[in-house]
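Protein chains in written order, with the working numbering: chain A, 2 to 669; chain B, 2 to 213; chain C, 420 to 518.
Glycine residues also receive a C-beta, built at the ideal position from the N, C-alpha and C atoms.
Because the structure is a prediction, the values reported are computed rather than measured.
Here is the structure we will look at, set down as structure tokens.
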Amino acid sequence: MATTYGWLVLAFPLLGTLVIAFGFRSLPGRYAGWIGTAAIGLAFLAALGTLIALQGHSPSHRELESSLWTYASTVGVNARLSILVDPLSVYMILIVTGISTMIHLYSISYLDEDRGNARFFSYLNFFVFSMLLLVLAGNFLLLIVGWAFVGAASYLLISFWYRRTTATKAGIKAFVINVVGDVGLVLGTYFIFKHTHTLNFLATFKAAPHVFAKGEADIVAGCLLLLVGACAKSAQVPLHTWLPDAMEGPTPVSALIHAATMVTAGVYLIARMHVLFELAPAAQDTGAVIGALTLLIAGTIALTQTDIKRVIAYSTMSQIGYMIMGVSVGAYAAGMFHLMTHAFFKALLFMGAGSIIGAMGGEQSLEKMGGFRKALPFTFACFIIGGLALSGIPPFSGFFSKDDILLVTAERGGWHWALYVMGYVGAFLTAIYTFRMIFRAFYGEPVAEARELEGGHLHHAEVPTNPANGEVEDTDVGFPGPHHTVAERAMPMRVAMTVLAIGAVGAGLVQVPGVDDVIVNFLRPTFASSPLYEPHTKDGLLIFGMVLGTVLGLTGIAIAYRIWVKQPSIAVTARERFGALYELFVNKWYFDELIDLAVVRPAAAVGSFAMNTFERVFVQDTLIGGTTGLVRAGSAAVRAVQNGFLRYYAALLVLGVAGVGFYFLLQA
Amino acid sequence: MSTILFFIAGFGVIAGAVGVVVLRDPFYSVLALVGHLIALAVLFLLLRAEFVAAAQVVVYAGAVMVLYVFVVAYVGGTAADSLGDEPLLGPRFAGSSLRLAGAIAGGALLIELLIALLGTGLKAISGYGAGYAPGPRTFGTPAYIGNLLLTRFLLAFEAASFLLLIAAVGAVVLAGRRGGLEDEEERKLTPLDLIRPQGTGTTAEGVGGQHR
Amino acid sequence: MSIAWYLAVSAIVFSLGVVGVITRRNPLVVLLCLELMLNGANLSLVAFSRMWGNGDGQILALIVMTVAACEVCIGLGMIVAIYRRRLPVDVDELRELQG
């Protein structure tokens with residue numbers, strides 16, 4: 002029963018995609034949006050059904066597999082279309098479908114008059130289908146398929162407004178880096194398959210401890226490659242450069258893909274493969290370090306960014322760093338818990354950002370925003386809720402989940418204490434940059450757009466421009482449509498944001514340490530084999546951590562208030578005093594330039610060498626030119642024989658006869 | 002006796018042949034060939050091929066060569082001659098280099114033939130001919146030839162006569178004065194002309210149109 | 420006399436004919452040299468016929484003669500036609516059939 006619901010969960014978004022994609026011409030009006038939302042809504046209900054059906058089984062029988070058909074059964078590979086319904090995947094599909102329903106609802110208003118409305122919902126449904134496929138996959142093959150589909154959907158959605166060159170470039174960048182991750186994933190699968198000889202998850206996990214010795218080279222290599230895949234998808238250093246650029250996509254896309262779902266695929270991967278990662282401590286340690294580094298680097302960069310969406314993007318990167326660190330050190334439940342809470346408040350923040358961008362008429366720069374508190378009260382409230390949750394202030398959800406991760410990190414002991422410290426430094430930075438963003442946008446003197454809105458009129462830019470580079474564009478297909486809206490005016494947006502706000506506030510309460518352990522208990526069947534799963538809550542450290550987290554969060558908010566509400570000149574002087582550091586942060590730690598130097602330029606050089614030298618000189622001139630030249634010369638030589646002179650022909654004839662006669666003479 | 006006759010006739014044959022090739026004036030070449038043919042007839046006689054020798058003299062030297070004489074008289078030696086100087090026309094494989102090629106080709110052929118016919122490898126040639134019995138129907142007599150022609154070689158005989166017929170007709174067609182040679186426009190129209198497309202049905206069509 | 424002598428003479432005549440065909444430019448003379456070649460062949464045919472003692476070679480020689488006559492007919496006819504059309508009667512000039 003549970004697996005039937007599982008298949009339904011997959012079927013509804015797929016149906017939604019197909020119906021919208023093939024029927025959008027005959028669908029009247031804006032039905033595409035409602036159909037899309039309904040499809041995901043039905044998927045959510047099916048996910049609930051899966052949950053209920055799964056809980057009907059006893060805890061030791063909660064790993065259910067169902068297979069529809071076999072793709073190929075050859076040379077030791079048995080590739081089947083099979084899904085795995087177990088607590089981890091049910092957890093993920095609930096999050097994915099739930100958040101996606103809200104975002105679809107939000108998008109109905111956000112992209113109301115966009116010329117590509119139907120295309121958007123078709124793509125969005127396709128994305129949800131791909132993500133669900135990834136999460137429900139029961140074997141490596143389907144995982145890779147879902148992984149690739151998700152990358153494709155991300156590309157389609159980032160470059161949704163495809164006539165903007167910035168958007169298409171960002172889409173390509175995202176896709177290329179994703180492909181690097183795909184390669185890592187596939188190669189990692191190979192290394193594991195080499196020894197286990199099966200692609201099926203359950204079989205692999207059962208066989209792995211017997212087939213691999215702990216720390217054996219192949220499993221470490223495989224897990225490191227899987228980690229590469231996870232880092233590319235989850236935008237961890239050094240494969241993170243695509244995420245800020247991905248903000249070129251419409252805000253609902255940023256909310257769904259680059260906050261709540263796709264970027265969490267890496268976290269899911271490591272959690273799913275925990276059996277393998279536990280056999281490769283080197284990979285685990287690498288993951289933890291990468292997560293910690295990312296959360297710090299992203300936090301520092303977010304301090305200096307001026308585009309509101311990019312601030313939120315870097316904050317996503319930072320929080321995913323927490324999650325990756327969490328699942329790498331063995332805090333599986335904590336990491337997944339943070340995934341859920343983060344999905345709520347990050348999607349909420351992005352939705353709020355969409356609203357304020359609408360109020361600005363498309364402008365995204367914080368430097369041009371100010372004083373929207375009176376004009377956008379609902380948006381402001383959502384921002385505050387999301388910001389508090391993100392900064393880890395109790396009793397909001399982010400507090401519980403973040404501290405959970407850091408607690409388990411500390412319990413691992415040894416050098417993990419350094420990660421613990423980095424985690425709290427990151428939390429401090431998080432509070433600062435989050436509230437920097439909120440204060441700059443909502444406090445201070447209201448800007449012209451805010452005053453317009455207070456007066457009841459939504460600002461429209463006279464000439465539509467690309468907010469990233471100021472290029473003039475128009476509102477036709479491939480560009481954002483002429484319509485934009487704020488949450489205060491659109492009911493679907495308000496409904497969606499309210500639901501998410503409730504989640505951001507209350508979701509933490511399911512896993513209050515010492516009070517209830519809903520997540521831990523729910524996920525236990527998946528992680529039963531892991532020795533690291535059961536949290537040994539050292540009460541002293543727990544209390545210390547919670548207090549420290551709260552203090553750091555509040556301090557951060559206070560600092561932000563001091564600087565950006567009271568005395569903005571502090572920021573200016575700080576910028577000048579720490580000039581070099583500021584440059585480093587503003588330029589995103591020069592990762593783009595590094596990658597350009599190390600990867601892009603050599604590749605371009607190889608390409609230009611291949612084109613100019615190899616292709617032109619060797620292939621064209623020598624191989625092809627030489628061959629044709631030879632043939633031409635040969636035929637010219639032969640053509641010269643046909644010159645029309647009778648005597649010449651006669652001479653050739655006789656010489657030929659003489660030759661033949663000579664041959665026969667020799668024979669005799 | 003026959004040896005002396007052989008050498009005389011042989012010399013005549015070769016001299017005639019050389020004369021055909023070397024002499025400038027085509028008329029002299031024709032005369033040289035006539036001499037060559039008569040000497041050849043003598044050689045045939047030495048080989049006991051009486052009928053063939055007679056046929057050679059009467060048909061070849063008598064009719065064919067007379068035909069040649071007529072044509073040479075009509076056409077004459079108007080062309081530049083080959084063993085003299087000749088301007089190089091266009092491509093490099095004309096002209097004097099062909100003399101060398103000709104000499105080489107002929108020489109090679111000669112040597113090969115000599116080796117083939119006279120070389121030690123060929124044991125099939127018996128030096129002296131087979132025996133024969135003299136009499137009215139013996140080897141070489143017309144009766145003998147006629148018998149062979151009408152029994153064993155009947156098909157060849159008939160085919161050769163057919164060929165002669167074709168050749169005669171063809172020669173007339175080729176060299177005959179036809180209407181379309183000088184004034185094309187004054188040709189009388191036949192009903193066939195009306196249905197047949199312009200320019201078809203003449204040799205001009207065959208060699209590439211009337212623009213020559 | 421051994422047959423070999425006749426065969427030698429035949430070979431010489433044939434080769435002389437070949438040289439003439441290649442070297443001369445007047446088509447009449449070319450035809451004459453062609454006749455030479457045919458005659459050389461005839462001589463060797465008759466010689467072989469004498470060697471074997473049956474008449475096959477002689478018959479073939481007669482047929483060759485017939486064919487030579489026909490061919491001369493046609494060839495001379497063509498030369499007359501060429502001459503009549505005021506084209507140069509020169510083998511090198513007549514080279515429309517070329518590649």
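- Listed in chain order, the alpha helix (DSSP H) runs fully inside the region 279-315 of chain A are 282-303, counting runs of at least 4 residues.
- In this structure, the CA atom of Thr-629/A is about 21 Å from the CA atom of Gln-643/A.
- Taking Ala-22/A as the centre and dropping the five residues before and after it, the same chain places the C-beta of Ser-123 closer than 7 Å to its C-beta, in chain order.
- Residue-level contact by beta carbon holds for Leu-114/B and chain A, with a gap shorter than 9 Å.
- No Cβ of chain B is located within less than 9 Å of the beta carbon of Val-639/A.
- With respect to the 9 Å criterion, Gly-439/C and Val-448/C are classified as neighbours on the basis of their beta carbons.
- For the region 480-502 of chain C, the set of positions with a beta-carbon nearer than 8 Å to some beta-carbon of chain B reads Ala-480, Leu-481, Ile-482, Met-484, Thr-485, Val-486, Ala-487, Ala-488, Cys-489, Glu-490, Val-491, Cys-492, Ile-493, Leu-495, Gly-496, Met-497, Ile-498, Val-499, Ala-500, Tyr-502 in chain order.
- Annotation: Gly-267/A to Ala-233/A spans about 8 Å, alpha carbon to alpha carbon.
- What Leu-68/B touches in chain C, judged by beta-carbon distance under 8 Å, is Val-491, Cys-492, Leu-495, going in chain order.
- In this structure the region 41-57 of chain B touches the region 465-476 of chain C; the number of beta carbon pairs closer than 8 Å is three or more.
- Under the DSSP definition of a beta bridge, Ile-84/A partners with Ser-67/A, Ala-138/A.
- The region 158-177 of chain A and the region 41-48 of chain A do not touch, with fewer than 3 CB-CB distances between them shorter than 8 Å.
- Relative to the Cα of Leu-43/A, the nearest Cα in the group Leu-55/A, Met-2/A, Thr-98/A, His-62/A belongs to Thr-98/A.
- The C-beta distance from Ala-332/A to Thr-431/A rounds to 18 Å, too long to fall under 8 Å, and the pair is not in contact.
- As summarised for the region 588-642 of chain A, the continuous alpha helix (DSSP H) elements at least 4 residues long and confined to that stretch are 592-596, 602-609, 626-640, given in chain order.
- Nearest CB-CB separation between Gly-660/A and chain C: not below the 9 Å threshold.
- Taking 9 Å as the cut-off, the Cβ atoms of Asn-458/C and Val-437/C do not count as close.
- Note that the region 492-503 of chain A does not touch the region 51-60 of chain A; fewer than 3 beta-carbon pairs, one per stretch, sit closer than 8 Å.
- Within the same chain, and ignoring the five residues on either side of Glu-474/A in sequence, the residues whose Cβ sits closer than 8 Å to its Cβ are Arg-164, Arg-165, Pro-465, Thr-466, Asn-467, Phe-480.
- Under the three-state reduction of DSSP output, Asn-467/A falls in the coil class, being neither helix nor strand.
- Annotation: the continuous alpha helix (DSSP H) that includes Asn-148/B extends over 143-152.
- Here the region 71-83 of chain A makes contact with the region 130-143 of chain A; the two share three or more CB pairs at distances below 8 Å.
- Around the beta carbon of Asp-597/A, a 10 Å sphere encloses fewer than 16 other beta carbons of the protein chains shown; the residue is thus reported as exposed.
- Here DSSP, grouped into helix, strand and coil, assigns Asn-201/A to strand.
- Val-136/A and Met-337/A have their C-alpha atoms roughly 13 Å apart.
- Around the beta carbon of Val-78/A, fewer than 16 other beta carbons lie within 10 angstroms, which makes this residue exposed.
- Scanning chain C for C-beta atoms nearer than 7 Å to the C-beta of Arg-100/B yields Thr-442, reported in chain order.
- Here the C-alpha atom of Gln-477/C lies approximately 32 Å from the C-alpha atom of Asn-445/C.
- In this structure, Gly-496/C lies near Ala-172/B, with their beta-carbon atoms less than 9 Å apart.
- Looking from the CA of Pro-88/A, the closest CA among Leu-65/A, Val-10/A, Thr-71/A, His-105/A belongs to Leu-65/A.
- Residue pairing of Ser-74/A in beta bridges, as defined by DSSP: Asn-79/A.
- According to the DSSP assignment, Val-658/A belongs to the alpha helix (DSSP H) that extends over 647-668.
- Between the beta-carbon of Phe-346/A and that of Gly-399/A there is about 6 Å, and that keeps the pair under the 8 Å contact cut.
- Leu-125/A places its beta carbon less than 9 Å from that of Ile-104/A.
- Excluding residues up to 5 positions away in sequence, Val-276 lie with their Cβ nearer than 7 Å to the Cβ of Ser-530/A in the same chain.
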